[in-house]
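This report concerns only the one structure given below.
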Amino acid sequence: MELPLAVVSDCQQRAVIRFLSLEGRSVSEIHEEMLPVYGEKTWSIERISQWLRDYEEGRETVHHDDDEVELRSGRPSASTEKEPVEAVRKIVLADRKVSIDNIVAKLSHRIGLKAVTTVLKDKLGYFNICGKWVEAKLIDQHKKQRLDAARRFTEMFTNESESIFDRIVTGGETWIDFPLPDNSAKKSKLEHTKGKIMVTVFWDSKGVLLVDFLPRGEIITGEKYRVLLKNLRTVLRRKRRGTRREKIFIHDSVGPHSEPGTKSLVRTFDWDDFCIQPCSPDLNPSDFYIFPALEAHLQDQQFSKDEAIRKEANRWLQEKDSQWYNEGLQELTARLRKCIEVQGDYVEKQKD
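Residue numbering for the sequence shown follows the numbering used here, starting at 12 and increasing by one per position.
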């Protein structure tokens, strides 16, 4: 095969950018790696930087987002009805916590709040539960998975009563919005008013165990998640020396949580890997209890630096007493019982 390649697709270059960025390469290093292969068709440093920002903000796909490009450029779409639907779908899949206002902004205000709401509810069938967009109607397979998990936990609770809370370790990650310090006029309104940083929190009935913030814009990967789990085990051995019983590790089975390497690692810990069905924030203690409270606390505060939001989140989590964390697990028990009552369906009222 002769280099540079004569035929190059944008999707190929996006995939390479994604791969190299996950290896920790800088923009200039990525550009240098691509030049010998793609020649004059290599994307510019500016264009690479733009796509890296998209990935850092939670984008997962490398496929071309025709809908957004057409909306920004003003070019008519061949399918005007499909255009906003697919554009909104991709935004939600990249960040299920995205607000309707932010969806409108990401689409350059080409469609309004009412239209986006219609797409979300009527076209895509999404509803907001625990601050996340989920499918309004669960398929039978997902209902069964939720029901099986609820029955399993309820049986364990019947046998152990509240002593089971001493065995539970749980956690998850979420995006936290924060103001960006660079208010350059060259940036769009959305870019210069808000940024996102991902936080992972592990906790048990006695309190917070581990809090980890990724550098701005980075997302959790399988490798990073497994490093955190190893750190979590070390923390447990230090902070919970008197609790030698097998841990019940409750987490959702989304992304890096369900990778074979992750499951294998958890088995080496001799933990009971208690996975919650994907897109079930109403059954994940971090989603329905910890994160909404943390985000509400941080919502009205201004942070000009990443370190400031890290310190405040850590302070708030550390100051919560054991009773507060224990109440989160009490609520989990009630929700799982409710899940059995509704035959695996959502246990929380759907919000618009």
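Where a beta carbon is used, it is the ideal one built from N, C-alpha and C, also for glycine.
None of these values were measured; they are calculated from a predicted model.
Which first and last residues belong to the alpha helix (DSSP H) in which residue i is found?
| i | result |
| --- | --- |
| Val145 | Premise fails: Val145 lies in the beta strand (DSSP E), 143-146, not in any alpha helix (DSSP H). |
| Val48 | 38-49 |
| His262 | That residue, His262, is in no alpha helix (DSSP H); its beta strand (DSSP E) goes 259-263. |
| Ile175 | Run containing Ile175: none; DSSP gives neither H nor E here. |
| Asn242 | 233-250 |
| Asn295 | Where Asn295 is concerned, there is no enclosing alpha helix (DSSP H), given that its DSSP letter is neither H nor E. |
Are residue i and residue j closer than 7 Å when you measure CB to CB?
| i | j | result |
| --- | --- | --- |
| Ile140 | Pro292 | yes |
| Ala161 | Leu347 | yes |
| Ala147 | Phe138 | yes |
| Gly142 | Pro296 | no |
| Val109 | Ile102 | yes |
| Thr232 | Pro271 | no |
| Ser415 | Asn337 | In this structure the chain extends from 12 to 363, so residue 415 is not present and cannot be described. |
| Phe280 | Ile261 | no |
| Ser333 | Gly182 | no |
| Arg248 | Asp317 | no |
| Tyr366 | Pro15 | Residue numbering for the chain in the displayed model covers 12 to 363; residue 366 lies beyond these limits and cannot be assessed. |
| Leu368 | Arg100 | Here the chain covers residues 12 to 363 and nothing more, so residue 368 does not appear. |
Rounded to a whole number of angstroms, what is the C-alpha to C-alpha distance between residue i and residue j?
| i | j | result |
| --- | --- | --- |
| Ser275 | Leu243 | 16 Å |
| Asp112 | Lys250 | 42 Å |
| Val358 | Trp144 | 15 Å |
| Arg157 | Gln288 | 6 Å |
| Ile59 | Val38 | 7 Å |
| Phe30 | Trp62 | 12 Å |
| Gly85 | Ala307 | Confidence at Gly85 is low in this model, with a pLDDT of 43, below 50, so the placement of that residue is unreliable and no value is reported for it. |
| Glu94 | Gln24 | 24 Å |
| Asp298 | Ile187 | 13 Å |
| Arg178 | Arg163 | 15 Å |
| Lys207 | Ala116 | 15 Å |
| Arg326 | Leu118 | 36 Å |
| Arg83 | Ile259 | Annotation note: pLDDT 42 at Arg83 (below 50); position unreliable, coordinate value reported separately. About 48 Å. |
| Val277 | Val222 | 19 Å |
| Asp159 | Cys350 | 10 Å |
| Ile301 | Val238 | 22 Å |
| His153 | Thr128 | 25 Å |
| Leu240 | Ile230 | 16 Å |
| Thr245 | Tyr236 | 14 Å |
| Asp21 | Thr53 | 9 Å |
| Leu46 | Thr72 | 23 Å |
| Thr273 | Trp335 | 29 Å |
| Val130 | Glu13 | 46 Å |
| Asp283 | Glu257 | 7 Å |
| Asp106 | Lys360 | 21 Å |
| Ala89 | Ser315 | The pLDDT assigned to Ala89 is 38, lower than 50, so where the model puts this residue is not dependable; a value taken from the coordinates is nonetheless given after this. Spanning the two alpha carbons is a distance of roughly 43 Å. |
| Phe176 | Arg64 | 41 Å |
| Ile28 | Glu43 | 11 Å |
Give the C-beta separation of residue i and residue j to the nearest angstrom, bearing in mind that I take them to be a contact with Cβ-Cβ under 8 Å.
| i | j | result |
| --- | --- | --- |
| Phe224 | Thr344 | So it is not a contact: roughly 30 Å between Cβ atoms. |
| Thr211 | Glu171 | No, Thr211 and Glu171 are not in contact; Cβ-Cβ is about 28 Å, not under 8 Å. |
| Leu33 | Asp356 | With a Cβ gap of about 37 Å, Leu33 and Asp356 do not count as contacting. |
| Ala5 | Leu309 | It is not possible to answer for residue 5, since the shown part of the chain is limited to 12 through 363. |
| Leu328 | Leu305 | 7 Å |
How far does the beta strand (DSSP E) with residue i in it extend, from its first residue to its last?
| i | result |
| --- | --- |
| Tyr137 | 137-140 |
| Val219 | 218-224 |
| Cys286 | 283-287 |
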